[in-house]
Amino acid sequence: MEYYSLNHNAKEVSFLKAVRNGLAPDRGLYFPKEIPRLESNFFTKLHQYSNHEIALQVIRPYIGNDIPTKELEKIIEATLSFDFPLIEITNNIATLELFHGPTLAFKDVGARFMARCLSYANKTQKNEALTVLVATSGDTGGAVADGFFKVKGIKVVILYPKGKVSELQEKQLTTLGENVTALEVDGTFDDCQDMVKSAFIDVELFSKVALTSANSINVARWLPQMFYYFFAYKNRPNPNKKLVVSVPSGNFGNICAGLLAQKMGLPIDHFIASTNINDTVPNYLESGNYTPKKSMQTLSNAMDVGDPSNFIRIQKIFNNDFFKLKRMLSGYSYTDKETLKALKEIYSLNNYIADPHGAVGYLGLKEFIETQEVPDDYQGIFLETAHPIKFSDAVESTLKTKITLPNPIKDLLNRNKTSLPISNYEDLKEFLIKN
79 MEYYSLNHNA KEVSFLKAVR NGLAPDRGLY FPKEIPRLES NFFTKLHQYS NHEIALQVIR
139 PYIGNDIPTK ELEKIIEATL SFDFPLIEIT NNIATLELFH GPTLAFKDVG ARFMARCLSY
199 ANKTQKNEAL TVLVATSGDT GGAVADGFFK VKGIKVVILY PKGKVSELQE KQLTTLGENV
259 TALEVDGTFD DCQDMVKSAF IDVELFSKVA LTSANSINVA RWLPQMFYYF FAYKNRPNPN
319 KKLVVSVPSG NFGNICAGLL AQKMGLPIDH FIASTNINDT VPNYLESGNY TPKKSMQTLS
379 NAMDVGDPSN FIRIQKIFNN DFFKLKRMLS GYSYTDKETL KALKEIYSLN NYIADPHGAV
439 GYLGLKEFIE TQEVPDDYQG IFLETAHPIK FSDAVESTLK TKITLPNPIK DLLNRNKTSL
499 PISNYEDLKE FLIKN
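Our numbering puts the first residue of the sequence shown at 79, with every later residue one more than the last.
Written out as structure tokens, the structure is:
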């Protein structure tokens, strides 16, 4: 499998080279040269396979010969070492919980998979020391910090917006030390992301520091997210109904992976991009005009993205055909007030405690199903992307209940935060060169 830049001004590269580069030299996102189709009998027999077997079949075509099958099996086994339970909320709505990994966020899968791919590459190739540079709006930083913690030959530098992530999220990315450094940016997530992108096209910086990205712009972070949709299809409660999946969306890597899985043959009938008031994509689906805007802070902070990087990949999946895309993807946006109301509604249905991101996903799913001619024809699944404990202040005060503290969090609260403040790209560049 070869990967090419969506800016079409860089050489094609193999999987591991694309992973190591992060962004292509022309600042474009890498995209697979072809999208493989899986055999139809694979889907009819999906319930017979383990999650590890499913993941191997899904990801192997994208790896090519870069990682032998036996090694890839080990990477998958280490990556998917926790459960992905599907919980029914109503007769036709369920949620797929993606927060049972070590940092209680869906991004654990991509971060762990990428770290293990790079670890394999470092053991088998004579690579120079590598710095993983990543911007986070909430959960990415913690997942990347944990996934790459103490990985030999790799340093991790995380940029996060000051005062715009939850206390637990900040603790996860600022308390590990060792090979992980957190940079606290006086700005928004979009500012952090712009700094990361600027670093990747800085010729002087690249001559001194070997960089890669661990945001979902990196193919090894993006592609493993396809697994979720195969697990959802395998365990769906109503197999005879049309399956529609609602994805809380910020940088649009997760839903992009779902649309890629569907392109491989996975029988999902429709996707919903559920966002907070950072509604660039829902507006585009309504008007046909893509107009990025400055991100605004919300309760569902991991979705506070005004110019989602991965949307260009979604457009490529549909060969930039707006009408084909619109037939397969709907978009809805919601305020914090509507999000809190949804938390109460979900809790009233079966005592299920969602987080603000999942609540937004629920709202999008509910709105889509209610607008269909025959709502009962649909089985809806929304993704729960983070444990509600990460947003305990908002969730507990809204639901008037206490959330049980998960084991990975208990010792985290007593750790001391260590971060370095930066204001602009020059600060970042100076830090990277000095370190």
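Heads up, the beta-carbon is just placed ideally off N, CA and C, and yes, glycines get one too.
Owing to the predicted nature of the structure, the values given are computational and were not obtained by experimental measurement.
Next on the checklist: For a minimum of 3 consecutive residues, which ranges assigned as the beta strand (DSSP E) are wholly contained in the segment 304–376?
Outcome noted: 320–326 and 348–353
Next on the checklist: In chain order, what are the residue ranges of uninterrupted alpha helix (DSSP H) at least 4 long that sit wholly in the segment 185–257?
Outcome noted: 185–202, 217–226 and 245–252
Checklist entry - For E416, which three-state DSSP category applies? => result Start at 1 with the first residue of the sequence shown, and residue 416 comes out as number 338. Three-state result, E416: helix.
Item to check | Length of the line joining the Cα atoms of K495 and G179 | outcome: On the sequence shown, position 417 is the one that residue 495 refers to. On the sequence shown, position 101 is the one that residue 179 refers to. Roughly 22 Å separates the two Cα atoms.
Item to check | Own chain residues within Cβ distance below 8 Å of I141, not counting five before or after | outcome: Position 63 of the sequence shown, counting from 1, holds the residue named residue 141. These residues qualify, in order along the chain: M79, F93 and L150.
Next on the checklist: I need the boundaries of the beta strand (DSSP E) containing I500, first residue and last residue.
Outcome noted: The residue given as residue 500 occupies position 422 in the sequence shown. In the DSSP annotation of this structure, the continuous segment of the beta strand (DSSP E) that includes I500 starts and ends at L498 to I500.
Next on the checklist: Looking only at its chain, what residues have a beta carbon closer than 6 Å to the beta carbon of H348, apart from the 5 residues adjacent to it on each side?
Outcome noted: Here residue 348 corresponds to residue number 270 of the sequence shown, with the count starting at 1. Only V322 meet the Cβ criterion.
Item to check | T259 (DSSP reduced to helix, strand or coil) | outcome: Start at 1 with the first residue of the sequence shown, and residue 259 comes out as number 181. Strand, per DSSP.
Item to check | Member of S276, L337 and T181 whose CA lies at the smallest distance from the CA of T253 | outcome: Working through the sequence shown from its first residue, we reach residue 253 at position 175. The candidate whose alpha carbon is nearest that of T253 is T181.
Item to check | Any 3 or more C-beta pairs closer than 8 Å across the segment 356–371 and the segment 124–133 | outcome: no
Next on the checklist: Let's test the definition: count the other Cβ atoms within 10 Å of the Cβ of K230 and tell me whether it reaches 16, buried, or not, exposed.
Outcome noted: Locating residue 230 in the sequence shown gives position 152, counting from the first residue. K230 should be labelled exposed.
Checklist entry - Is the beta carbon of N85 less than 8 Å from the beta carbon of R105? => result Counted from its first residue, the sequence shown places residue 85 at position 7. Counted from its first residue, the sequence shown places residue 105 at position 27. Against a cut-off of 8 Å, the Cβ pair of R105 and N85 comes out as a contact.
Next on the checklist: Would you say K286 lies against chain D (beta-carbon separation less than 8 Å)?
Outcome noted: The chain labelled as chain D is not found in the depicted structure, where only one protein chain is given.
Item to check | Endpoints, beta strand (DSSP E) assigned at Q457 | outcome: Stepping through the sequence shown from its first residue, residue 457 is reached at position 379. Per DSSP, Q457 is one residue of the beta strand (DSSP E) stretching across Y456 to E462.
Item to check | Nearest-angstrom Cβ-Cβ length linking K228 and N257, presumed shorter than 8 Å | outcome: Against the sequence shown, residue 228 aligns to sequence position 150. Against the sequence shown, residue 257 aligns to sequence position 179. Confirmed, about 6 Å.
Item to check | Integer-rounded CB distance, given that L418 should sit under 8 Å from T376 | outcome: Against the sequence shown, residue 376 aligns to sequence position 298. Against the sequence shown, residue 418 aligns to sequence position 340. Wrong, their Cβ atoms sit about 11 Å apart, outside the cutoff.
Checklist entry - Does DSSP put L107 in a helix, a strand or coil? => result If you number the sequence shown from 1, residue 107 lands on position 29. L107 carries a coil assignment under DSSP once its states are collapsed to helix, strand and coil.
Checklist entry - Just reading off the alpha helix (DSSP H) that A96 is part of, what are its end residues? => result Reading the sequence shown from its first residue, position 18 is the one you call residue 96. Counting along the chain, the alpha helix (DSSP H) containing A96 begins and ends at F93 to N99.
Item to check | Backbone CA spacing between T147 and R138 [nearest angstrom] | outcome: In the sequence shown, the residue the question calls residue 147 occupies position 69. In the sequence shown, the residue the question calls residue 138 occupies position 60. Going from the Cα of T147 to the Cα of R138 covers about 8 Å.
Checklist entry - Grouping DSSP H, G and I as helix and E and B as strand, with all else coil, what is G409? => result Along the sequence shown, read from residue 1 onward, the residue named residue 409 stands at position 331. Note: G409 maps to strand in three-state DSSP.
Next on the checklist: I believe S324 touches L363 by the beta-carbon criterion, under 8 Å. Please report the beta-carbon distance rounded to the nearest angstrom.
Outcome noted: Sequence index remark: in the sequence shown, residue 324 carries index 246 (1-based). Sequence index remark: in the sequence shown, residue 363 carries index 285 (1-based). No, S324 and L363 are not in contact; Cβ-Cβ is about 14 Å, not under 8 Å.
Next on the checklist: Classify S294: buried if its beta carbon has 16 or more other beta carbons within 10 angstroms, exposed otherwise.
Outcome noted: As a first step, residue 294 is located in the sequence shown; it is residue number 216 there, counting from the start. When all chains shown are included, S294 counts as buried.
Checklist entry - Do S470 and I481 come within 8 Å of each other at the CB atom, strictly closer than that value? => result As a working mapping, residue 481 is identified with position 403 in the sequence shown. As a working mapping, residue 470 is identified with position 392 in the sequence shown. Result yes, Cβ atoms of I481 and S470 sit closer than 8 Å.
Next on the checklist: Which residue wins for smallest C-alpha separation from N379, given the options D161, N329, E504 and K123?
Outcome noted: As a working note, residue 379 is residue 301 in the sequence shown. Nearest of D161, N329, E504 and K123 to N379, Cα basis: N329.
Checklist entry - How about A183 and A464: are their beta carbons less than 8 Å apart? => result Taking the first residue of the sequence shown as 1, we reach residue 183 at position 105. Taking the first residue of the sequence shown as 1, we reach residue 464 at position 386. Contact: yes.
Checklist entry - Under the DSSP definition of a beta bridge, which residues are partnered with T173? => result Here residue 173 corresponds to residue number 95 of the sequence shown, with the count starting at 1. BP columns for T173 point to I165 and F460.
Next on the checklist: Looking only at its chain, what residues have a beta carbon closer than 8 Å to the beta carbon of K111, apart from the 5 residues adjacent to it on each side?
Outcome noted: In the sequence shown, residue 111 corresponds to position 33, counting from 1. Result list for K111: M79, E80, Y81, Y82 and E90, in chain order.
Checklist entry - In its own chain, which residues sit with a C-beta less than 6 Å from the C-beta of D161, not counting the 5 before and 5 after it? => result Along the sequence shown, one-based indexing puts residue 161 at 83. Excluding five sequence positions before and after D161, the CB atoms of its chain that fall closer than 6 Å to its own CB belong to H178, given in chain order.
Item to check | Identified DSSP bridge partners for E80 | outcome: Against the sequence shown, residue 80 aligns to sequence position 2. Answer by DSSP bridge pairing, in chain order: S92.
Next on the checklist: Quick check on T266: buried or exposed, where buried means 16 or more other Cβ atoms within 10 Å of its Cβ?
Outcome noted: Locating residue 266 in the sequence shown gives position 188, counting from the first residue. Buried is the call here.
Checklist entry - Would you say the segment 416–433 touches the segment 364–371, given that touching needs at least three Cβ pairs under 8 Å? => result no
Next on the checklist: Check this for me: beta carbons of L461 and L174, under 8 Å apart or not?
Outcome noted: One-based indexing of the sequence shown puts residue 461 at position 383. One-based indexing of the sequence shown puts residue 174 at position 96. Yes. Within cutoff.
Item to check | Close-in-space but distant-in-sequence residues of the same chain around L490 (CB under 6 Å, 5 per side omitted) | outcome: As a working mapping, residue 490 is identified with position 412 in the sequence shown. Same-chain partners within the cutoff: K249.
Next on the checklist: So S165 and Y412 are supposed to be a Cβ contact under 8 Å. How far apart are they, rounded?
Outcome noted: As a first step, residue 165 must be located in the sequence shown, where it is residue number 87. As a first step, residue 412 must be located in the sequence shown, where it is residue number 334. Here the sequence assigns Ile to residue 165, which means Ser is not the residue at that position. Not really, about 21 Å apart at Cβ, beyond 8 Å.
Checklist entry - Under a three-way DSSP split, which group does S291 fall into? => result Indexing the sequence shown from 1 puts residue 291 at position 213. Here S291 sits in strand by DSSP.
Item to check | CB of S197 within 8 Å of CB of G343, strictly | outcome: Numbered from its first residue, the sequence shown carries residue 197 at position 119. Numbered from its first residue, the sequence shown carries residue 343 at position 265. It is not a contact, given that the beta carbons lie outside the stated cut-off.
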